[in-house]
Structures are given as C-alpha cells and as structure tokens.
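Here the structure comes first, spelled out in structure tokens, and everything after it is commentary.
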Amino acid sequence: MDYKQFAGRNIVSIKDLSREEIECLLALAEKMIPYAKGEKRTRALDGKIIANLFFEPSTRTRLSFETAAHRLGAQILDVSQMSATSIAKGETLADTIKMVDAYCDAMVIRHPWEGSARLATKYSTGPVVNAGDGAASHPTQTLLDLFTIQRCKGKIDGLNIALVGDLKYGRTVHSLVNALMMFDVKLTFVAPDSLQMPPDIVENMRLKGFNPKMTSDLDDAVEDADVLYVTRIQKERFPDPTEYSKVAGTYRVDKALLMKAKNDMIVMHPLPRVNEIATEVDETPNAKYFEQAFNGIPMRMAILCSLLGGEIDG
Ligand code: NCD
Numbered sequence: 002m003d004y005k006q007f008a009g010r011n012i013v014s015i016k017d018l019s020r021e022e023i024e025c026l027l028a029l030a031e032k033m034i035p036y037a038k039g040e041k042r043t044r045a046l047d048g049k050i051i052a053n054l055f056f057e058p059s060t061r062t063r064l065s066f067e068t069a070a071h072r073l074g075a076q077i078l079d080v081s082q083m084s085a086t087s088i089a090k091g092e093t094l095a096d097t098i099k100m101v102d103a104y105c106d107a108m109v110i111r112h113p114w115e116g117s118a119r120l121a122t123k124y125s126t127g128p129v130v131n132a133g134d135g136a137a138s139h140p141t142q143t144l145l146d147l148f149t150i151q152r153c154k155g156k157i158d159g160l161n162i163a164l165v166g167d168l169k170y171g172r173t174v175h176s177l178v179n180a181l182m183m184f185d186v187k188l189t190f191v192a193p194d195s196l197q198m199p200p201d202i203v204e205n206m207r208l209k210g211f212n213p214k215m216t217s218d219l220d221d222a223v224e225d226a227d228v229l230y231v232t233r234i235q236k237e238r239f240p241d242p243t244e245y246s247k248v249a250g251t252y253r254v255d256k257a258l259l260m261k262a263k264n265d266m267i268v269m270h271p272l273p274r275v276n277e278i279a280t281e282v283d284e285t286p287n288a289k290y291f292e293q294a295f296n297g298i299p300m301r302m303a304i305l306c307s308l309l310g311g312e313i314d315g
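So, in structure tokens, the structure goes:
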C-alpha cells in the first residue's frame with residue numbers, strides 16, 4: 002500500500018490500523034531516518050501548522066512531535082501550558098478543540114481522560130493524533146516501539162517479548178499488546194498481581210489464540226526473552242497512594258539480571274524511567290531505550306507526513 006492513502010485520517014487507537022498499514026508506516030519511518038538526523042532536508046509539510054495539545058506532562062512525545070514537524074518544514078502551535086489557556090476558566094474540551102481546529106491543519110492531543118482523542122475527532126476537521134489518553138492507549142509510542150524492535154532485531158515475527166512493570170495502568174503496553182497481536186510473537190507479562198494486564202485485554206488475546214505467560218518472576222521471564230520492555234509504575238494513576246508504595250521498586254533491571262538473559266536480548270523502555278533500570282545498563286549493548294526515544298522522530302515524521310498528505314523522496 003501507499004502512505005498517501007493515510008491523508009486526512011486520524012490515529013486514535015492502534016486497533017484502527019491493519020498490519021499492512023503498520024508496515025507501511027514502518028517503511029516510511031525508515032525513509033525518514035536521514036531527514037530525522039538532518040542529513041537530508043525536506044519541506045514536505047511547508048506551510049502546515051500542527052497544534053500540540055498536551056494536558057498532561059510530556060518530554061519525549063511533545064518534543065519529538067515538535068522536532069518531527071520542524072524537520073518536515075511545518076510549524077508547531079504549542080498548547081502545552083493549559084493553566085495559561087481558557088481551560089483554566091472552565092472551557093470545555095469540545096470548545097477548545099473546535100477553536101484550535103480553526104487555527105491548525107492537524108492536532109496532537111494528550112489528555113488524562115480515556116476516550117479524549119476519540120472525542121476530539123468529533124470536533125476537529127483535520128487529522129487528530131492520540132499522544133496518550135489516560136491509561137487507555139498511546140498508539141504513536143507503539144509505532145515507534147515496533148520500529149525499534151524491527152530495526153534492532155531485523156523482524157517482529159517469531160520473537161519472545163516480555164513486558165515488565167505496570168501492565169495495569171501503562172497505556173504504552175496496552176497499545177503495544179494490541180499491535181503485537183497482529184504479529185506471530187510469544188508474550189510474557191511480568192507484574193505484581195495487583196498490576197497485571199487488565200482481564201479484558203487478556204481475554205481478547207485468548208479469543209484470538211494468544212496464550213500469554215503471566216508471572217511475577219522477572220528472573221524466570223528474562224531467560225527466554227528477545228525483547229524486555231520495561232515500564233514505570235504509573236504513580237499518578239493510583240487512586241490510593243498507599244497502594245503505590247506497596248509496589249514501588251518491585252523490579253529493577255541491572256547487569257546481574259542481564260547475565261541471566263540471551264546475549265542479544267534488547268532492553269526497551271518508553272521512558273521516563275524512575276529506578277526500574279539501573280544506569281549501569283545504559284552502557285551495555287542491550288540497552289536500546291535512548292535509540293528508541295530517537296526513533297520517535299522518524300516515526301512521528303512518517304505519521305505527520307502521511308496524515309497531512311506530504312510527499313517524501315527516496
Ligand atoms: C509514557 C507515557 O506517557 O505513557 N511516556 C512516553 O510517552 N514516552 C510512559 C510513562 O509515562 O511511563
């Protein structure tokens with residue numbers, strides 16, 4: 002398929018994309034690498050304005066969308082200081098979206114409410130990209146995660162992938178699992194019982210013929226893994242802080258743990274990390290999380306360029 006078929010579409014959930022469409026975006030992201038590094042130049046989105054609406058903290062997602070837009074020649078309308086907007090005066094999300102829609106050609110939205118990006122599509126005439134809606138989903142992170150796995154391992158099919166940490170509240174792992182179900186992979190979920198993958202996701206996997214291994218034992222899971230995807234415990238989503246203190250610091254990936262793993266196992270993390278990966282891991286060839294963070298640029302360039310009907314050479 003041709004990436005031009007994405008023009009005018011939204012990316013709200015990874016489930017809105019087929020495997021073929023995901024592979025098309027992975028191929029376009031690959032083409033974007035020299036542009037993402039500044040080695041080649043393009044004005045594919047010259048004259049376009051992209052609004053970044055961030056109602057929750059963000060470093061990588063917001064900055065990489067901004068860099069991606071600049072590398073494509075587009076301008077960014079930064080709406081990340083919500084306390085400085087009329088939201089603080091009680092304006093509804095719907096009204097904010099309608100107004101921002103008139104000021105831009107596409108919008109990227111992060112919001113604490115599940116379903117907020119889907120709601121935004123009702124009030125926006127231009128493409129909407131979900132940059133995280135509560136604990137629900139984070140599809141552009143998933144696309145860059147798949148891109149990272151493909152670049153590091155040369156494939157996605159056939160891999161053993163272990164997801165570790167906060168599988169209950171982590172939106173990155175919810176989206177990633179939904180995407181990985183389109184591939185032929187073996188999945189292991191490593192979490193304390195109270196933070197295991199939500200039952201509806203596991204049930205849906207079983208209906209599709211997947212049988213994920215569920216454990217709380219990281220040492221056991223690491224032995225067979227090709228990819229170890231580590232996540233932060235999502236403190237801000239715990240209704241009760243004492244529940245957080247019971248699970249904080251449960252897992253820590255360090256060099257001693259890597260000794261139990263395959264030599265070529267890769268360690269990924271959407272970042273930010275708190276203390277779930279020791280800094281001593283950073284210098285090992287297994288550590289791919291900073292490369293993963295860079296990959297957000299070519300992947301988000303691929304997303305913006307294709308939704309906004311840009312053309313890229315090469
Ligand atoms: C993640 C998020 O916001 O869900 N961060 C990101 O986008 N890279 C992960 C997290 O906050 O733990």
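Taking this note's numbering, I'd label the letters of the sequence shown as residues 2 to 315.
The C-beta atom is built at its ideal place from N, Cα and C for all residues, glycine as well.
Looking at the DSSP output, Lys214 shares a beta bridge with Thr189. Boundaries of the alpha helix (DSSP H) harbouring Arg72: Arg61 to Arg72, taken from the DSSP string. For Phe295, the three-state secondary structure derived from DSSP is helix. Using a Cβ distance threshold of 8 Å, Asn287 and Leu259 count as a contacting pair. As DSSP reads the structure, Ile12 sits in a beta bridge with Val130.
Under the three-state reduction of DSSP output, Ala257 falls in the helix class. Proximity to Cys25 across Phe148, Glu281, Asp158 and Ile267 peaks at Phe148, based on C-alpha coordinates. Here the segment 167-181 lies against the segment 133-144, with 3 or more beta-carbon pairs under 8 Å apart.
DSSP places Asp79 in the strand class (E or B) of the three-state scheme. Ordered along the chain, residues surrounding the ligand NCD are Ser59, Arg61, Thr62, Gly133, His139, Gln142, Gly171, Arg172, Thr173, Thr232, Arg233, Gln235, Pro271, Leu272 and Pro273 [Cβ under 7 Å from any heavy atom].
Counting every other CB atom within 10 Å of its CB across the protein chains shown gives Phe291 a total below 16, marking it as exposed. By the CB criterion at 8 Å, Ile110 and Leu54 fall inside the cutoff.
Of the residues assessed, Pro35 falls on the exposed side of the cut-off, its CB having fewer than 16 other CB atoms within 10 angstroms. Put simply, the backbone Cα of Ile77 is about 5 Å away from that of Ile51. In its chain, beyond the 5 residues on either side, Ala75, Asp106 and Leu309 have a beta carbon closer than 6 Å to the beta carbon of Lys49.
For His270, the secondary structure class from DSSP, reduced to helix, strand or coil, is coil.
Contact check for Val275 against Val254 fails: the beta carbons are separated by 8 Å or more.
Cβ-Cβ separation between Gly135 and Arg172: approximately 7 Å, consistent with a contact (criterion under 8 Å). In the three-state DSSP reduction, Ala163 falls in the strand class (E or B). In terms of Cβ geometry, Ala294 and Arg61 form a close pair [threshold 8 Å].
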